[in-house]
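Everything below concerns the one structure shown next.
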Amino acid sequence: MELKNGYSAIEVTNLINQKLKFVSLPSSVQWEFGGEQAESGNANQSLIAVAPIGMMILVSFLLFEFGSWKKVGVILLTVPLTLIGVVPGLLFSGKPFGFLSLLGIFALVGIVVNNGILLLDYIVKAITEGSSITEAIQYSISKRIRPILLTTLTTVAGLLPLTITDATLWPPFAWTMISGLLGSTFLTLFVVPSATFLLFRTKIQKIEQKKNPKLINKIFPFLFVLILFFPTMQNISADPMVLSWKEIVKLAEESPRVKLAWEEWKRKNLEKKN
(Lines of atoms letter the chains of each structure in order from A and count residues from 1; the text may use other names and numbers.)
(Lines give C-alpha, C1' and ligand atoms only; values in the text may rest on other atoms or scores of the structure.)
Protein backbone atom coordinates (compact mmCIF):
# COMPACT_ATOMS: atom_id res chain seq x y z
CA MET A 1 0.00 0.00 0.00
CA GLU A 2 1.36 3.42 -0.98
CA LEU A 3 0.63 6.56 1.01
CA LYS A 4 -0.78 9.68 -0.53
CA ASN A 5 1.65 12.56 -1.02
CA GLY A 6 1.95 14.68 2.10
CA TYR A 7 1.02 11.87 4.52
CA SER A 8 3.47 9.96 6.67
CA ALA A 9 3.11 6.50 8.19
CA ILE A 10 2.78 8.00 11.67
CA GLU A 11 -0.09 10.28 10.61
CA VAL A 12 -1.92 7.38 8.95
CA THR A 13 -1.51 5.08 11.95
CA ASN A 14 -2.76 7.84 14.26
CA LEU A 15 -5.90 8.20 12.11
CA ILE A 16 -6.41 4.43 12.14
CA ASN A 17 -5.99 4.34 15.92
CA GLN A 18 -8.71 6.97 16.31
CA LYS A 19 -11.07 4.92 14.14
CA LEU A 20 -10.29 1.66 15.95
CA LYS A 21 -11.34 3.18 19.28
CA PHE A 22 -14.94 2.96 18.12
CA VAL A 23 -14.64 -0.59 16.75
CA SER A 24 -15.51 -3.46 19.06
CA LEU A 25 -13.48 -6.59 18.34
CA PRO A 26 -13.83 -10.07 19.84
CA SER A 27 -11.46 -10.87 22.70
CA SER A 28 -9.73 -13.47 20.53
CA VAL A 29 -8.82 -10.86 17.89
CA GLN A 30 -5.66 -8.78 18.24
CA TRP A 31 -4.09 -6.27 15.90
CA GLU A 32 -0.76 -4.50 15.56
CA PHE A 33 1.01 -2.26 13.08
CA GLY A 34 3.88 -3.53 10.95
CA GLY A 35 5.93 -2.20 8.08
CA GLU A 36 7.30 1.31 8.33
CA GLN A 37 5.61 2.04 11.65
CA ALA A 38 7.13 -1.02 13.33
CA GLU A 39 10.57 -0.28 11.87
CA SER A 40 10.36 3.32 13.06
CA GLY A 41 9.54 2.15 16.58
CA ASN A 42 12.50 -0.24 16.59
CA ALA A 43 14.80 2.50 15.31
CA ASN A 44 13.61 4.87 18.04
CA GLN A 45 14.27 2.26 20.72
CA SER A 46 17.76 1.58 19.37
CA LEU A 47 18.57 5.29 19.31
CA ILE A 48 17.30 5.83 22.86
CA ALA A 49 19.22 2.78 24.08
CA VAL A 50 22.60 4.21 23.05
CA ALA A 51 21.79 7.75 24.22
CA PRO A 52 23.12 7.19 27.79
CA ILE A 53 26.44 5.98 26.38
CA GLY A 54 26.76 9.08 24.24
CA MET A 55 25.90 11.30 27.20
CA MET A 56 28.50 9.60 29.40
CA ILE A 57 31.16 10.09 26.73
CA LEU A 58 30.15 13.76 26.46
CA VAL A 59 30.39 14.24 30.24
CA SER A 60 33.78 12.52 30.39
CA PHE A 61 35.33 14.78 27.76
CA LEU A 62 33.78 17.90 29.29
CA LEU A 63 35.27 16.92 32.63
CA PHE A 64 38.63 16.31 31.00
CA GLU A 65 38.49 19.76 29.39
CA PHE A 66 37.26 21.86 32.33
CA GLY A 67 38.39 19.76 35.31
CA SER A 68 35.36 20.80 37.39
CA TRP A 69 32.00 19.17 37.95
CA LYS A 70 30.39 22.59 38.42
CA LYS A 71 31.53 23.80 35.03
CA VAL A 72 30.35 20.56 33.44
CA GLY A 73 26.99 21.06 35.18
CA VAL A 74 26.69 24.54 33.69
CA ILE A 75 27.25 23.13 30.19
CA LEU A 76 24.78 20.28 30.72
CA LEU A 77 22.07 22.78 31.68
CA THR A 78 21.86 23.61 27.99
CA VAL A 79 20.80 20.06 27.01
CA PRO A 80 17.15 20.28 28.20
CA LEU A 81 16.81 23.62 26.41
CA THR A 82 16.62 21.76 23.09
CA LEU A 83 13.19 20.35 23.97
CA ILE A 84 11.72 23.75 24.80
CA GLY A 85 11.78 24.84 21.18
CA VAL A 86 11.12 21.44 19.58
CA VAL A 87 7.63 20.86 20.99
CA PRO A 88 6.13 24.21 19.85
CA GLY A 89 7.80 23.82 16.45
CA LEU A 90 6.25 20.40 15.80
CA LEU A 91 2.85 21.57 17.06
CA PHE A 92 2.98 24.67 14.86
CA SER A 93 3.97 22.72 11.75
CA GLY A 94 1.64 19.81 12.48
CA LYS A 95 4.44 17.31 11.90
CA PRO A 96 4.55 14.05 13.87
CA PHE A 97 7.32 13.10 16.27
CA GLY A 98 9.23 10.18 14.77
CA PHE A 99 12.70 8.79 14.22
CA LEU A 100 14.03 11.79 12.29
CA SER A 101 12.66 14.20 14.90
CA LEU A 102 14.50 12.23 17.57
CA LEU A 103 17.62 12.26 15.43
CA GLY A 104 17.28 16.03 15.10
CA ILE A 105 17.19 16.40 18.89
CA PHE A 106 20.47 14.50 19.23
CA ALA A 107 22.03 16.74 16.59
CA LEU A 108 20.76 19.79 18.48
CA VAL A 109 22.43 18.65 21.69
CA GLY A 110 25.84 18.85 20.04
CA ILE A 111 25.23 22.35 18.69
CA VAL A 112 23.81 23.73 21.93
CA VAL A 113 26.55 22.20 24.07
CA ASN A 114 29.14 23.73 21.74
CA ASN A 115 27.57 27.18 22.26
CA GLY A 116 27.70 26.69 26.01
CA ILE A 117 31.35 25.66 25.86
CA LEU A 118 32.25 28.79 23.89
CA LEU A 119 30.55 31.06 26.42
CA LEU A 120 31.98 29.37 29.51
CA ASP A 121 35.47 29.18 28.02
CA TYR A 122 35.51 32.93 27.37
CA ILE A 123 34.23 33.62 30.89
CA VAL A 124 37.00 31.50 32.41
CA LYS A 125 39.61 33.11 30.18
CA ALA A 126 38.52 36.63 31.15
CA ILE A 127 38.62 35.82 34.87
CA THR A 128 42.11 34.34 34.63
CA GLU A 129 43.20 37.62 33.03
CA GLY A 130 41.99 39.54 36.09
CA SER A 131 38.40 40.51 35.25
CA SER A 132 35.60 40.24 37.78
CA ILE A 133 32.93 37.63 37.16
CA THR A 134 30.44 40.29 36.03
CA GLU A 135 32.93 41.81 33.61
CA ALA A 136 33.88 38.35 32.38
CA ILE A 137 30.26 37.49 31.60
CA GLN A 138 29.75 40.77 29.75
CA TYR A 139 32.96 40.22 27.79
CA SER A 140 31.96 36.65 26.89
CA ILE A 141 28.53 37.63 25.60
CA SER A 142 29.85 40.60 23.62
CA LYS A 143 32.51 38.46 21.93
CA ARG A 144 30.52 35.28 21.24
CA ILE A 145 26.96 36.46 20.59
CA ARG A 146 27.63 37.36 16.96
CA PRO A 147 29.28 34.04 15.94
CA ILE A 148 26.61 32.05 17.79
CA LEU A 149 23.71 33.94 16.20
CA LEU A 150 25.28 33.79 12.73
CA THR A 151 25.78 30.03 13.06
CA THR A 152 22.16 29.62 14.13
CA LEU A 153 20.75 31.79 11.35
CA THR A 154 22.80 30.14 8.60
CA THR A 155 21.78 26.68 9.83
CA VAL A 156 18.12 27.71 9.90
CA ALA A 157 18.39 29.20 6.41
CA GLY A 158 19.88 25.96 5.11
CA LEU A 159 17.08 23.88 6.64
CA LEU A 160 14.16 26.05 5.47
CA PRO A 161 13.87 24.43 2.01
CA LEU A 162 13.33 21.05 3.68
CA THR A 163 10.25 22.36 5.49
CA ILE A 164 8.32 23.10 2.29
CA THR A 165 9.13 19.92 0.38
CA ASP A 166 6.38 17.41 -0.42
CA ALA A 167 8.45 14.56 1.01
CA THR A 168 7.30 13.11 4.31
CA LEU A 169 10.79 12.21 5.51
CA TRP A 170 12.63 15.52 5.96
CA PRO A 171 10.09 18.13 7.18
CA PRO A 172 9.88 16.70 10.75
CA PHE A 173 13.68 16.71 10.96
CA ALA A 174 13.93 20.26 9.61
CA TRP A 175 11.23 21.65 11.89
CA THR A 176 12.82 19.95 14.90
CA MET A 177 16.21 21.47 14.11
CA ILE A 178 14.88 24.95 13.30
CA SER A 179 12.55 25.39 16.26
CA GLY A 180 14.90 23.68 18.71
CA LEU A 181 17.90 25.67 17.54
CA LEU A 182 16.15 29.03 17.69
CA GLY A 183 14.74 28.43 21.16
CA SER A 184 17.83 26.84 22.70
CA THR A 185 20.27 29.39 21.26
CA PHE A 186 18.56 32.40 22.81
CA LEU A 187 17.99 30.57 26.09
CA THR A 188 21.64 29.48 26.22
CA LEU A 189 22.74 33.12 26.08
CA PHE A 190 20.81 33.65 29.34
CA VAL A 191 21.16 30.31 31.12
CA VAL A 192 24.94 29.80 30.89
CA PRO A 193 25.94 33.30 32.13
CA SER A 194 23.25 33.25 34.84
CA ALA A 195 24.22 29.78 36.10
CA THR A 196 27.89 30.70 36.06
CA PHE A 197 27.25 33.86 38.07
CA LEU A 198 25.08 32.06 40.64
CA LEU A 199 27.51 29.19 41.14
CA PHE A 200 30.75 31.14 41.32
CA ARG A 201 29.90 34.65 42.52
CA THR A 202 30.87 33.91 46.15
CA LYS A 203 34.05 32.01 45.39
CA ILE A 204 35.55 33.37 42.22
CA GLN A 205 38.74 31.39 42.67
CA LYS A 206 36.87 28.18 41.94
CA ILE A 207 36.23 29.20 38.38
CA GLU A 208 39.86 29.94 37.65
CA GLN A 209 41.71 27.43 35.55
CA LYS A 210 43.69 25.08 37.74
CA LYS A 211 47.28 24.55 36.76
CA ASN A 212 47.24 21.03 38.20
CA PRO A 213 43.71 19.62 38.05
CA LYS A 214 42.88 16.61 40.14
CA LEU A 215 44.24 13.34 38.82
CA ILE A 216 40.79 11.72 38.75
CA ASN A 217 39.52 14.48 36.47
CA LYS A 218 42.39 13.89 34.06
CA ILE A 219 42.10 10.10 33.88
CA PHE A 220 38.31 9.86 34.17
CA PRO A 221 37.67 9.76 30.38
CA PHE A 222 40.22 7.00 29.91
CA LEU A 223 38.82 5.00 32.84
CA PHE A 224 35.37 5.38 31.35
CA VAL A 225 36.46 4.09 27.94
CA LEU A 226 38.25 1.18 29.62
CA ILE A 227 35.16 0.26 31.63
CA LEU A 228 32.95 0.64 28.57
CA PHE A 229 34.98 -1.75 26.45
CA PHE A 230 36.15 -4.10 29.21
CA PRO A 231 33.28 -6.61 28.68
CA THR A 232 34.25 -6.88 25.02
CA MET A 233 37.88 -7.42 25.92
CA GLN A 234 36.82 -10.02 28.46
CA ASN A 235 34.78 -11.89 25.87
CA ILE A 236 37.73 -11.90 23.50
CA SER A 237 40.06 -13.32 26.13
CA ALA A 238 37.46 -15.84 27.32
CA ASP A 239 38.12 -18.14 24.35
CA PRO A 240 41.90 -18.15 23.81
CA MET A 241 43.37 -19.87 20.76
CA VAL A 242 45.13 -23.13 21.64
CA LEU A 243 48.05 -24.08 19.39
CA SER A 244 50.12 -27.22 19.36
CA TRP A 245 53.93 -27.17 19.35
CA LYS A 246 54.05 -28.13 15.66
CA GLU A 247 51.63 -25.33 14.74
CA ILE A 248 53.75 -22.80 16.62
CA VAL A 249 56.90 -23.95 14.81
CA LYS A 250 55.11 -23.82 11.47
CA LEU A 251 53.87 -20.26 12.11
CA ALA A 252 57.39 -19.24 13.10
CA GLU A 253 58.90 -20.73 9.96
CA GLU A 254 56.41 -18.87 7.78
CA SER A 255 57.00 -15.53 9.51
CA PRO A 256 58.87 -13.03 7.26
CA ARG A 257 60.74 -11.63 10.26
CA VAL A 258 61.95 -15.06 11.29
CA LYS A 259 63.08 -15.82 7.74
CA LEU A 260 64.94 -12.52 7.56
CA ALA A 261 66.63 -13.11 10.91
CA TRP A 262 67.61 -16.65 9.86
CA GLU A 263 69.18 -15.41 6.62
CA GLU A 264 71.04 -12.70 8.54
CA TRP A 265 72.36 -15.26 11.04
CA LYS A 266 73.58 -17.56 8.24
CA ARG A 267 75.30 -14.64 6.51
CA LYS A 268 77.16 -13.61 9.66
CA ASN A 269 78.27 -17.17 10.35
CA LEU A 270 79.55 -17.47 6.79
CA GLU A 271 81.54 -14.25 7.17
CA LYS A 272 83.12 -15.52 10.40
CA LYS A 273 84.22 -18.76 8.75
CA ASN A 274 85.77 -16.89 5.86
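If you're matching positions, the sequence shown starts at 19 in the numbering used here and goes up one per residue.
Virtual Cβ for every residue (Gly too), placed ideally from N, Cα, C.
Nearest neighbour of L187 by Cα position, chosen from L120, E147, E153, turns out to be L120.
Judged by DSSP in its simplified three-state form, I182 adopts coil rather than helix or strand.
Annotated as proximal: P211 and I159, with beta-carbon spacing under 8 Å.
F82 and I151 have their C-alpha atoms spaced approximately 23 Å apart. In this chain, the alpha helix (DSSP H) harbouring K143 covers 117–146. The Cβ atoms of K88 and L217 lie closer than 8 Å to each other.
In the three-state reduction of the DSSP assignment, V104 falls in the helix class.
The distance from the Cβ of I93 to that of I135 is about 6 Å, consistent with a contact at the 8 Å cut-off.
Within the same chain, I151, T152, I155 come within 8 Å of F215 by CB-CB distance, once the 5 residues on both sides are set aside.
Here the segment 189–205 lies against the segment 156–176, with 3 or more beta-carbon pairs under 8 Å apart. In terms of Cα proximity to N133, the closest of E272, V209, F191, K277 is V209.
Taking C-beta atoms as the reference points, I196 and L171 fail to come closer than 8 Å. Per DSSP, the continuous alpha helix (DSSP H) segment holding S202 begins and ends at 188–218. Beta-carbon to beta-carbon, T173 and V104 are separated by about 15 Å, too far to satisfy the 8 Å threshold. For K88, the enclosing alpha helix (DSSP H) starts and ends at 87–94. For the pair G198 and G72, the CB atoms are not nearer than the 8 Å cut-off. In this structure, DSSP gives V97 a state outside helix and strand, which the three-state scheme calls coil. A175 and T181 have their C-alpha atoms some 11 Å from each other. Linking I102 to T96 through their CA atoms gives a straight-line distance of about 11 Å.
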